[in-house]
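Undergrad: Protein chains in written order, with the working numbering: chain A, 6 to 276; chain B, 5 to 402.
Please see the structure below; I have some questions.
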């Protein structure tokens, strides 16, 4: 029964979404990551979740808005129908503002929570709002692997692509905790990253992606300010992959997963 | 899907620790809910399914940084039924990189932070030094704890999709096995009592003041429980007998309807159950028993009942065990997978408890007493906030 074969998982990237400081969309971030435009730090402007019905739009928190923004961007860039895609949401902290607000109430004299606070506390908060916004009744999951949350999300999304043969939307996102939790888990900024992964190449495919598990140190991003995001925000651990895609070249990068395992990602551009 | 073998399994809940205690309680048709005396709570009139043994657990010194109620419950669960020995055996066969960990939880060790917020520095508002976020509060902490406990070096994750969490880990693990990423997986669910869920469900007016009564016409809501359930999954192999339990299929879907209310017609639930049957290559008539999600909230049971009736009619015996265990939230899928496996191995159908007058508006065959019908195939439902649905099909090997 012993198996020592290391599987290589294969899929195609059809769309990318990104939102972080100085990286406002894939179209804006691409020349920066390719090295043809200089990175300029800018505050993150989080779009309103226009696709949600008004009641949900009033209740949705910042974290889910970040997830929805990059998800929608990736779907638009891929010219995909969200209702036909499975979805994998991965985050270390999910809605961190909401967590702080709940803990404050529970430590106070009056422990009555608001129903909205409570339902926004679930780790699958973004998946729930996404399915309402997009109308997708397909499978959606919500993962956490602390600093390895990007890697865990990519691995889960690719096994869905390979085994179930379905297109899968991967969304990773992080929003900083307010104090006092910020001191315990200090994310320097908001960062979201989404990929549309497909089981076969299509007219909009950007690149073939191959992933295997290796014991090798993760790659860094050559731009210092961007590397500072990668090394300190779990969802930004995918940035070396975005840099390779931005450069439009064939190559291989190592992305951080769970010690001692990291993900070796090989990119073969389609055009 | 390619069937996956449940090589070993165990569960600890308010019914007791381990398979034998769980089975005895089910066969005696009794539950473990008791009035809530948890932590500092004195204003919630609701029974809970507490695991009293958790309070006596002290984690071994090398694992001290993981100290929190959720990880103590995980540790307690891992000690039952020689589960740890079965895992060690799998690690010896496959190597520490080839055994994955996929655990469902909704709140992990959030209780640590809830309590730490009462001890903030009065001047600065800072949390106490002794609060260890990574190893207790973070949603991944329970998987990190188990990975450290077994000194594993392979893939790991937590699925945290509210009350479907530890059903969905079976689907993810089956994919990882099929993709060849791992050769075995520790799957399961661990969720422990905390203030967020107790006061949260209270805010939604969904807590029952009496032991919950699934599918009763007078059901008034759910009772919260806690549990640790673990299953070792492997490819079927050749050394299996008729009693071996297999995961035959899994189906997942989203309601796309509301964050905390199910689709009124159970449309997402129907999609998940139909997908699980398709995944197993079975028809509705092949299922001998349905372990319902059955939280005993008015809306869940009505929606789930409609979904079951639409696919299965009123022919298939079904019940919810949440009258006995309470709703163990992120551990419910794992706990009910173990109960499904016990039903398959011990040839009985567990009847639901506390239900006195079945809701006449729900046309399903709900069992209020145990049945000696020996099931060959069982479907287990788990649904959650955010409109997340997962159905699993388990079957006997022979």
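Every residue gets a Cβ at the ideal spot worked out from N, C-alpha and C, and that includes glycine.
(1) If I follow the unbroken alpha helix (DSSP H) through residue 192/A, where does it start and stop?
(2) Between the region 177 to 201 of chain A and chain B, which residues of the former have a C-beta closer than 8 Å to a C-beta of the latter?
(3) Quick check on this structure: which residue in 39/A, 135/A, 65/A has the alpha carbon closest to the alpha carbon of residue 78/A?
(4) Going by the beta-carbon positions, is the gap between residue 244/B and residue 187/B smaller than 9 Å?
(5) Determine whether the Cβ of residue 200/B lies closer than 9 Å to any Cβ atom of chain A.
(6) Shortest alpha-carbon distance to residue 237/B belongs to which of 210/B, 91/B, 124/B?
(7) Out of 190/B, 367/B, 69/B, which one is the CA nearest neighbour of residue 305/B?
(8) Report buried or exposed for residue 41/A, applying the criterion of at least 16 other Cβ atoms within 10 angstroms of its Cβ.
(9) If distances are taken between C-alpha atoms only, which option among 159/A, 96/A, 237/A comes closest to residue 191/A?
(10) Please confirm if the region 370 to 380 of chain B is in contact with the region 346 to 356 of chain B, defined as three or more CB-CB distances below 8 Å between the two stretches.
(11) Put residue 352/B into one of helix, strand or coil per three-state DSSP.
(12) Short of 7 Å Cβ to Cβ, which residues in the region 174 to 197 of chain B face chain A?
(13) What are the boundary residues of the beta strand (DSSP E) that residue 19/A is part of?
(14) Quickly, what does DSSP pair residue 272/A with across the bridge? List them, please.
(15) Short of 7 Å in beta carbon distance, which residues of its chain neighbour residue 114/B, apart from the five on each side in sequence? Order them along the chain.
(16) Just by C-beta distance, which residues in the region 133 to 150 of chain B are closer than 7 Å to chain A?
(17) Starting from the beta carbon of residue 130/A, find every residue of chain B whose beta carbon is closer than 8 Å, and list them in chain order.
(18) Can you have a look at residue 274/B and say buried or exposed, based on whether 16 or more other CB atoms are within 10 angstroms of its CB?
(19) Looking only at DSSP bridge pairs, what is residue 212/B linked to?
(20) Could you tell me which chain B residues have their CB closer than 8 Å to the CB of residue 277/A, listed as they occur along the chain?
(21) Closest Cβ-Cβ distance between residue 125/A and chain B: below 9 Å?
(22) Evaluate residue 96/B with the Cβ neighbour count: other Cβ atoms within 10 Å of its Cβ, from every protein chain shown; 16 or more gives buried, anything less gives exposed.
(23) Alpha carbon to alpha carbon, how far is residue 178/A from residue 95/A?
(24) Does the distance from the C-beta atom of residue 403/B to that of residue 53/B stay below 9 Å?
(25) If you measure from the beta carbon of residue 269/A to each beta carbon in chain B, is any gap under 9 Å?
(26) Assuming residue 254/B is part of the beta strand (DSSP E), what are its boundary residues?
(27) Closer than 7 Å by C-beta to residue 84/B: which residues in its own chain qualify, once you throw out the five before and the five after it? Chain order, please.
(28) What are the start and end residues of the alpha helix (DSSP H) that includes residue 180/B?
(29) Going along chain B in order, which residues have a C-beta closer than 7 Å to the C-beta of residue 140/A?
(30) Secondary structure at residue 3/B, three-state DSSP: helix, strand or coil?
(31) Using a Cβ cut-off of 7 Å, pull out every chain B residue sitting near residue 108/A, in sequence order please.
(32) Got a sec, what are the start and stop residues for the alpha helix (DSSP H) residue 416/B sits in?
(33) On the criterion of 16 or more Cβ atoms from any shown chain inside 10 Å, does residue 225/B qualify as buried, or is it exposed?
(34) Roughly how many whole angstroms lie between the Cα atoms of residue 292/B and residue 359/B?
(35) Find the residues of chain B that neighbour residue 116/A, judging by a C-beta separation of less than 8 Å, and give them in chain order.
(36) Indicate whether at least one CB of chain A lies closer than 9 Å to the CB of residue 75/B.
TA: According to the structure shown:
(1) DSSP places residue 192/A in no alpha helix (DSSP H); its state is neither H nor E.
(2) If the cut-off is 8 Å between Cβ atoms, the region 177 to 201 of chain A has 184, 185, 186, 188, 189, 190 near chain B.
(3) If we check each option's Cα against that of residue 78/A, 135/A comes out closest.
(4) For residue 244/B and residue 187/B, no; Cβs fall outside 9 Å.
(5) At least one chain A Cβ lies under 9 Å of residue 200/B.
(6) Among 210/B, 91/B, 124/B, the Cα nearest to that of residue 237/B belongs to 91/B.
(7) From the listed residues 190/B, 367/B, 69/B, the smallest Cα separation to residue 305/B is found for 367/B.
(8) Within a 10 Å sphere around the beta-carbon of residue 41/A sit fewer than 16 other beta-carbons, which makes this residue exposed.
(9) For the set 159/A, 96/A, 237/A, the Cα lying nearest the Cα of residue 191/A is the one of 237/A.
(10) Taking a contact to require three or more Cβ pairs closer than 8 Å, the region 370 to 380 of chain B and the region 346 to 356 of chain B qualify as touching.
(11) DSSP, reduced to helix, strand and coil, places residue 352/B outside both helices and strands of the structure shown, so it counts as coil.
(12) Those would be 176, 179, 180, 182, 183, 184, 185, 187, in chain order.
(13) Counting along the chain, the beta strand (DSSP E) containing residue 19/A begins and ends at 14 to 24.
(14) 214/A, 256/A, per the DSSP bridge assignment.
(15) Answer for residue 114/B: 141, 198, 200, listed in chain order.
(16) The region 133 to 150 of chain B vs chain A, Cβ under 7 Å: 135, 137, 138, 142, 143, 144, 148.
(17) Going along chain B in sequence order, the residues near residue 130/A (Cβ under 8 Å) are 263, 390.
(18) So residue 274/B counts as buried.
(19) BP columns for residue 212/B are empty, so no partner.
(20) For chain A, the structure presents residues 6 to 276; residue 277/A sits outside this window and is missing.
(21) Closer than 9 Å to some Cβ of chain B, the Cβ of residue 125/A qualifies, so yes.
(22) Here residue 96/B is exposed: its Cβ has fewer than 16 other Cβ atoms, across all protein chains shown, within 10 Å.
(23) One C-alpha to the other measures close to 7 Å.
(24) As shown, chain B starts at 5 and ends at 402. That puts residue 403/B outside it, with no answer to give.
(25) No, its Cβ sits nowhere closer than 9 Å to a Cβ of chain B.
(26) Residue 254/B -> beta strand (DSSP E) spans 249 to 258.
(27) Hits under 7 Å: 14, 16, 21, 22.
(28) Per DSSP, residue 180/B belongs to the alpha helix (DSSP H) from 169 to 183.
(29) 260, listed in chain order.
(30) Since the displayed chain B opens at 5 and closes at 402, residue 3/B lies outside it and no answer follows.
(31) In chain order, 117, 118, 121 make up the part of chain B whose C-beta sits under 7 Å from the C-beta of residue 108/A.
(32) The shown model of chain B, from 5 to 402, leaves out residue 416/B, and the question about it has no answer.
(33) In this structure residue 225/B is buried. Its beta-carbon is surrounded by 16 or more other beta-carbon atoms within 10 angstroms.
(34) Each residue's CA atom was taken as its position, placing residue 292/B and residue 359/B some 21 Å apart.
(35) The answer, in chain order, is 47, 199, 203.
(36) When Cβ-Cβ separations below 9 Å define contact, residue 75/B makes no contact with chain A.
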